[in-house]
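Undergrad:
In this note's numbering, the protein residues as written are 1218 to 1683.
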């Protein structure tokens, strides 16, 4: 501690502040002055973010980035780059749509029919496949009569290609026949051409679109002025597509909820077998409906597989690329209200989602934490409109702090994006309180939100240097 205090008195501390520096086209002449103001604020680094910059990774972007890097170099500052044209990370600057539409995301959906036996010679219409859909599995489970619980060994069916009917003898009892489809349907509107976080080849589209062009243009800055890249709120983006069940909202969508489209990779079947799920294709209905004595193990195998694939193919692959090019990789997912453990707007597993990074990361924005309100659910501009103080006051920062210390590569570095979208009433006293709030919870790197290149900017204020 004495050494730290001595460093502070002598002004020899490392930098722990890297505010967002938002970029829009047409503000080139103002860049040097803005960077000087960031330096005068005491920040010795900043994170460049397209908000959006329409010519992102085009000639205008490269020209502005050259100015930014040179101005930062003059002042011995570090530059980070947010890794897409606009948040959330995954758009890949439009390259999926332009060049690799076959690499966009896959999901699972289910259709079912309840039939009562015994009945000989029953026939069911096979639901038609939609565009870019494949029928993966057809099976039937006996219903117990307790809500929608299933039980026993499934009946497996093989349907000839092109057949419109499933014909079989229904055993005694009530049976639910499932048709499981692999589909492109399942993501939110406007994100149909985002990368697939579970696919190594799909994630490489983001690297081809953003990471590699930055290295081609500015390789001489890598590892000195250019410090690394920042992923902002990538997600699995599972939506409730029905027609079954009721949507529980983006923070809560996960396994065990009828009507939710679930992320899919053909590798999932093989990995579920390693979890002692003997016939994964026929076990898939257990991802939505309870199968007596089986659902917990089915869902655990599935979630373990999905989050492992994210860690290996998304954060792990990008992190390895960054380190092999002399820079670091940071960022955060959506954590709100424990969404980090689910499949809607986040990655299904806080630690695995960020495991390839060089810092752990979270954000505190949108009125999620209010001074003096630790015992109250408060209004917040988040899904559902209410912030749970137990999560935001006592859990969130500890997640980042814990991962920073558990992952040797992170070396104790825990980052928080902070201040954004609290509005102009936030004020300096509140900001000071919030920084102290995070410091005592183990956060030690901060991404203040934000320096904008235009004023007034209605986009998620407050902003610095207005």
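Ideal Cβ positions, reconstructed from N, Cα and C, are used throughout, including at glycine.
1. Please state the DSSP three-state secondary structure of residue 1619.
2. Short check: CB of residue 1633 to CB of residue 1599, under 8 Å?
3. What number of angstroms, rounded off, separates the C-alpha of residue 1646 from the C-alpha of residue 1330?
4. Measure from the alpha carbon of residue 1302 to the alpha carbon of each residue in 1314, 1266, 1392, 1321, then state which is nearest.
5. Exposed or buried, residue 1664, counting other C-beta atoms within 10 Å across all chains shown (16 or more means buried)?
6. Considering only residues of the same chain and omitting the five flanking positions on each side of residue 1388, which have a CB-CB separation below 7 Å?
7. Pull the bridge partners of residue 1238 from the DSSP assignment, please.
8. Cα separation between residue 1567 and residue 1400?
9. Can you give me the start and stop residues for the beta strand (DSSP E) that residue 1641 sits inside?
10. Would you mind listing the alpha helix (DSSP H) stretches within the region 1254-1300 that are 4+ residues and don't spill past its ends, in chain order?
11. DSSP three-state label for residue 1505, please.
12. Since residue 1560 is in the beta strand (DSSP E), which residue starts that stretch and which ends it?
13. What did DSSP end up calling residue 1356 once you bin it into helix, strand or coil?
14. Under the assumption that residue 1466 contacts residue 1475 (Cβ atoms under 8 Å), give the Cβ distance between them as a whole number of angstroms.
15. Mapping DSSP to helix, strand and coil, what is residue 1494?
16. Just checking my contact of residue 1502 with residue 1391 at CB under 8 Å: how many whole Å lie between their CB atoms?
17. Tell me which residue opens and which closes the alpha helix (DSSP H) that residue 1393 is part of.
18. Could you compute how far the alpha carbon of residue 1256 sits from the alpha carbon of residue 1231?
19. Where does residue 1536 sit, in a helix, a strand or coil, going by DSSP?
20. Enumerate in chain order the residues of its own chain whose CB-to-CB distance from residue 1524 is below 8 Å, with the five nearest sequence positions on each side excluded.
21. Return yes when the Cβ of residue 1290 is within less than 8 Å of the Cβ of residue 1442, no when it is not.
22. On a Cα-Cα basis, can you pick out the residue from 1589, 1410, 1452 that is closest to residue 1549?
23. If we count the other Cβ atoms within 10 Å of its Cβ and call it buried at 16 or more, is residue 1323 buried or exposed?
24. Is it the case that the region 1648-1663 contacts the region 1602-1614, given that we only count it when at least three CB pairs across the two stretches are under 8 Å?
25. Which residues in the same chain as residue 1380 place their Cβ atom closer than 8 Å to its Cβ, once the five residues preceding and following it in sequence are excluded?
26. Scan the region 1428-1500 and note each continuous beta strand (DSSP E) run of 3 residues or more that stays entirely inside, going in chain order.
27. Exposed or buried, which one is residue 1573 when buried takes at least 16 other CB atoms within 10 Å?
28. If we ignore side chains and look at the alpha-carbon of each, how far apart do residue 1489 and residue 1497 end up?
29. Residue 1241 to residue 1670, Cα distance in whole Å?
30. In the DSSP assignment, find the alpha helix (DSSP H) that holds residue 1515 and state where it starts and stops.
31. Please report the distance separating the alpha-carbon of residue 1595 from that of residue 1561.
32. Considering residue 1570, what are the terminal residues of the alpha helix (DSSP H) in which it resides?
33. Mind checking whether residue 1652 and residue 1576 have CB atoms under 8 Å apart?
34. So, with DSSP's three-state summary, where would you put residue 1311?
35. Which residue from 1480, 1254, 1332 puts its Cα closest to that of residue 1294?
36. Which residues mark the beginning and the end of the beta strand (DSSP E) in which residue 1327 is found?
TA: Looking at the atomic coordinates:
1. helix
2. no
3. Residue 1646 and residue 1330: Cα-Cα distance of roughly 60 Å.
4. 1266
5. Counting the other Cβ atoms within 10 Å of the Cβ of residue 1664 gives 16 or more, which makes it buried.
6. 1334, 1335
7. 1265, 1668
8. 26 Å
9. From DSSP, residue 1641 is part of no beta strand (DSSP E); its letter is neither H nor E.
10. 1276-1291
11. coil
12. Counting along the chain, residue 1560 falls outside any beta strand (DSSP E), and DSSP gives it neither H nor E.
13. strand
14. Actually they are not in contact, since the Cβ atoms of residue 1466 and residue 1475 sit about 15 Å apart, beyond 8 Å.
15. In this structure, residue 1494 counts as coil in the three-state DSSP scheme.
16. Not a contact, Cβ separation roughly 15 Å.
17. Counting along the chain, residue 1393 falls outside any alpha helix (DSSP H), though it belongs to the beta strand (DSSP E) covering 1382-1400.
18. One C-alpha to the other measures close to 14 Å.
19. helix
20. 1564, 1565, 1566, 1569, 1570
21. A contact, by the Cβ cut-off of 8 Å.
22. The shortest C-alpha to C-alpha distance from residue 1549 to any of 1589, 1410, 1452 is the one to 1452.
23. So residue 1323 counts as buried.
24. At 8 Å Cβ cutoff, the stretches touch.
25. 1343
26. If we require 3 residues or more, the beta strand (DSSP E) runs fully inside the region 1428-1500 come out as 1443-1449, 1479-1481.
27. Buried: at least 16 other Cβ atoms inside 10 Å.
28. 6 Å
29. 7 Å
30. 1512-1527
31. 23 Å
32. 1567-1571
33. no
34. helix
35. 1254
36. 1323-1342
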